[in-house]
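Quick note on my numbering: the sequence shown kicks off at 3 and runs consecutively. Read the structure below first, then the notes.
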Amino acid sequence: MAATPAAACPAWRDPARWETTADVVAVLIALSLPWSTSLVGIFGVVLLIAIAPTLDLKAFSTLLKRPICAVPVALFALALIGTLWSDAAWRARFYAVEPTAKLLVLPVLLYHFQRSKRGTWVFVAFLVSCTLLMLMSWLVLLYPGLSLKPPNTAERGIFVKDHINQSQEFTLCAVALAYPIVILLKSRRFVLAALLTAIAVSFFANMAFVVVSRTALVTVPIMFAVFALLHLRWRSIALILCATAALAVVAWHASPQLRRTADSFNRDYQLYMQRNAPTSIGLRLEFWRKSLGFFAEAPLIGHGTGATRGLFERVATGGVTKASGEVIGNPHNQTLNVAVQWGIIGVTLLYAMWILHLLLFRGGGLVNWIGLLVVVQNIFSSLFNSHIFDFHEGWMYVLGVGVAGGMALKGRSPASTEPERPISP
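Spelled out as structure tokens, the structure:
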């Protein structure tokens, strides 16, 4: 009997083995993302190596020409070309290019998971990893010595990284679970629905009673609003709003940590306005005000890649104890970060990428819901941070859009592009 082509190939040349390897490495990235930046970087390189032998160059070239891939690649290219008119040191220019390089992984993920049958593994792995981190956060709250962070940078309930990254992960998982919970309730699978509900509530409880970022406080209502408008009827929306309001009142009165976080908005703003104090909100307002001025100086192509820190050094006044004296290379707003360096051209590419990826997930189903949520979270959290360029949140975007986008492309058909009917729990 003649051997099959796969059997005739040595194991190291078998495309099916490489595809499986790439799937496993993507799962490892999802597992390690909440815990380690080094592992994500290592597995990211391994992923590219694993996918390379499976590439159909013609098919991949066709995919690269699609706007969902071409625009992120163009944003990276602009960052690279932008080094030519920057007046920063060359080391600073290339350092500023690095955060955009992860966008080059997007087309590769879209290509691979358009063919893979294991994309769901990646989402499950991320949920499991975040759930374990949430449990660890409670343990660190009870036993602070368990934290891996140095004592001088330790935060309440933080095992690794920081409260912003942790809140982004927990928010994404908790809100993403809303869709499968409703579907399970509709199909009367109450045990699994109860398990996922318990996990989602645990994420919110951790953010209410342990630690939460102010960005998460702003983005959670927006993400839930997107879910309600897309997937629920008005009667269900009204009931959920009432229940959410009741739970919010209970959480507000039961959690001193939540009240302190919310109260810090007004306190930080007043300290900045009255004393020029370098509070979190005050610094952001100062960064935004100055960045708008830098953008006005070079509106078309910006000041070039890596020029931001030098611009802030030029206008710093009052010393390090004042908000106006702070020098930074990141204005904590994605739009302004891009506008200062690459002007209107860069902002156009940034918003084109977001819009194209939103449209990619315009269908119904869990995959489209996850992909849409990843993009929505990134857009609104980028009002207060540069989350495309930040390592952690940037990889959440690339991995989420890449995996969900590939699965959406694979399942795209005339029927699947029809708007999904609202569901009643």
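C-beta atoms are modelled at their ideal positions from N, C-alpha and C, and glycine is treated no differently.
Supposed close pair residue i, residue j - CB separation, criterion 8 angstroms
{"i": "Asp16", "j": "Ser118", "result": "In fact, because the Cβ distance is near 15 angstroms, the residues do not count as touching under 8 angstroms."}
{"i": "Ala76", "j": "Leu351", "result": "6 angstroms"}
{"i": "Ala300", "j": "Gly345", "result": "6 angstroms"}
{"i": "Ala72", "j": "Thr102", "result": "Not confirmed; about 15 angstroms, so no contact."}
{"i": "Leu186", "j": "Leu194", "result": "5 angstroms"}
{"i": "Trp371", "j": "Leu35", "result": "20 angstroms between Cβ atoms; not a contact."}
{"i": "Ile303", "j": "Phe314", "result": "With a Cβ gap of about 19 angstroms, Ile303 and Phe314 do not count as contacting."}
{"i": "Ala176", "j": "Ala202", "result": "5 angstroms"}
{"i": "Arg408", "j": "Gly43", "result": "The question names Arg, but residue 408 is Gly in the sequence shown. No, Gly408 and Gly43 are not in contact; Cβ-Cβ is about 21 angstroms, not under 8 angstroms."}
{"i": "Phe393", "j": "Thr39", "result": "6 angstroms"}
{"i": "Phe161", "j": "Ser169", "result": "That belief does not hold up - the Cβ atoms of Phe161 and Ser169 are roughly 14 angstroms apart, past 8 angstroms."}
Residues near residue i by beta carbon distance below 6 angstroms, same chain, minus five either side
{"i": "Phe192", "result": "none"}
{"i": "Met3", "result": "Any answer about Met3 is weak, because its pLDDT of 45 lies below 50 and its placement is not dependable; what the coordinates show is given next. Around Met3: no qualifying Cβ."}
{"i": "Thr173", "result": "Ala218, Val222"}
{"i": "Ile166", "result": "Ser215"}
{"i": "Phe62", "result": "Tyr113"}
{"i": "Ala406", "result": "Val369, Ile372, Gly373"}
{"i": "Glu21", "result": "Thr56"}
Residue i, buried or exposed, once every other Cβ within 10 Å from all chains shown has been counted against 16
{"i": "Cys132", "result": "buried"}
{"i": "Ile390", "result": "buried"}
{"i": "Ala227", "result": "exposed"}
{"i": "Arg95", "result": "buried"}
{"i": "Leu59", "result": "exposed"}
{"i": "Leu375", "result": "buried"}
{"i": "Ala241", "result": "Note on identity: in this sequence residue 241 is Leu, with Ala being the wrong assignment. Exposed, by the Cβ-count rule."}
{"i": "Pro416", "result": "At Pro416 the pLDDT is 47, less than 50, meaning the model places this residue with poor confidence; the figure from the coordinates comes in the next sentence. Counting Cβ neighbours within 10 Å, Pro416 comes out exposed, since fewer than 16 surround it."}
{"i": "Ser384", "result": "buried"}
{"i": "Val124", "result": "buried"}
{"i": "Thr430", "result": "The question about residue 430 has no answer, for the chain in this structure spans 3 to 427."}
{"i": "Ser88", "result": "buried"}
{"i": "Lys67", "result": "exposed"}
{"i": "Pro74", "result": "buried"}
{"i": "Ala2", "result": "The structure shown does not extend to residue 2, since the chain spans only 3 to 427, so no value can be given for it."}
{"i": "Gly147", "result": "exposed"}
{"i": "Lys362", "result": "Looking at the sequence provided, one finds Leu at residue 362 rather than Lys. The residue is buried, with at least 16 neighbouring Cβ atoms inside 10 Å."}
{"i": "Gly402", "result": "buried"}
{"i": "Tyr145", "result": "exposed"}
{"i": "Ser189", "result": "exposed"}
{"i": "Asn380", "result": "buried"}
{"i": "Ile51", "result": "exposed"}
{"i": "Leu129", "result": "buried"}
{"i": "Val251", "result": "exposed"}
{"i": "Gly404", "result": "buried"}
{"i": "Pro152", "result": "exposed"}
Cβ-based neighbour list, residue i, same chain, cut-off 8 angstroms, excluding 5 preceding and 5 following
{"i": "Phe386", "result": "Arg216, Thr217, Val220, Arg286, His334, Asn335"}
{"i": "Lys324", "result": "Asn278, Ala279, Pro280"}
{"i": "Met275", "result": "Gly284"}
{"i": "Ala8", "result": "Any reading at Ala8 needs caution, since the residue's pLDDT is 48, under 50, leaving its predicted position unreliable; the model's value is listed next. Correct list, in chain order: Asp16, Pro17, Ala18."}
{"i": "Val349", "result": "Thr337, Val340, Ala341"}
{"i": "Glu328", "result": "Pro280, Leu285, Glu288, Phe289, Phe314, Ala318, Val322"}
{"i": "Leu198", "result": "Leu179, Pro182, Ile183, Leu186"}
Same chain, Cβ closer than 7 angstroms to residue i, neighbours up to 5 away in sequence not counted
{"i": "Val99", "result": "Ala81, Leu82, Thr85, Thr307"}
{"i": "Ala127", "result": "Val29, Ala32, Leu33"}
{"i": "Gly46", "result": "Ile31, Val107"}
{"i": "Leu65", "result": "Cys71, Pro109, Leu112, Tyr113"}
{"i": "Phe78", "result": "Thr102, Ala103, Leu105, Leu106"}
{"i": "Arg158", "result": "Leu143, Val212, Val213"}
{"i": "Trp290", "result": "Pro333, Asn335, Leu338"}
{"i": "Leu134", "result": "none"}
{"i": "Gly312", "result": "Asp89, Ala90"}
{"i": "Val48", "result": "Val27"}
{"i": "Asp164", "result": "Glu157"}
{"i": "Gln116", "result": "Gly408, Leu411, Lys412"}
{"i": "Pro69", "result": "Leu358"}
{"i": "Leu41", "result": "Ser34"}
Chain C within 8 angstroms of residue i, Cβ atoms only
{"i": "Ile51", "result": "Absent here is chain C; the protein component of the structure consists of one chain."}
### Message
With three or more C-beta pairs closer than 8 angstroms as the rule, is the stretch 314-321 touching the stretch 357-371?
### Response
Verdict: no, contact absent.
### Three CB pairs or more closer than 8 angstroms across the stretch 304-314 and the stretch 353-363
Contact fails: fewer than three Cβ-Cβ distances are below 8 angstroms.
### Task
Ignoring anything shorter than 4 residues or poking outside the stretch 297-331, list the alpha helix (DSSP H) runs there in chain order.
If we require 4 residues or more, the alpha helix (DSSP H) runs fully inside the stretch 297-331 come out as 310-317.
### Message
Count Cβ pairs between the stretch 108-117 and the stretch 132-149 that sit closer than 8 angstroms; are there 3 or more?
### Response
Touching, no, given that fewer than three Cβ pairs across the two stretches are closer than 8 angstroms.
### Query
Enumerated in chain order, which unbroken segments of the alpha helix (DSSP H) with a length of 4 residues or greater are wholly contained in the stretch 91-160?
Every alpha helix (DSSP H) of 4 residues or more that sits fully in the stretch 91-160 is shown, in chain order, as 92-103, 107-115, 121-144.
### Query
Which ranges does the alpha helix (DSSP H) cover as unbroken runs of at least 4 residues, wholly within the stretch 362-416, from first to last along the chain?
With a minimum length of 4 residues, the continuous alpha helix (DSSP H) runs that stay inside the stretch 362-416 are 368-383, 393-413.
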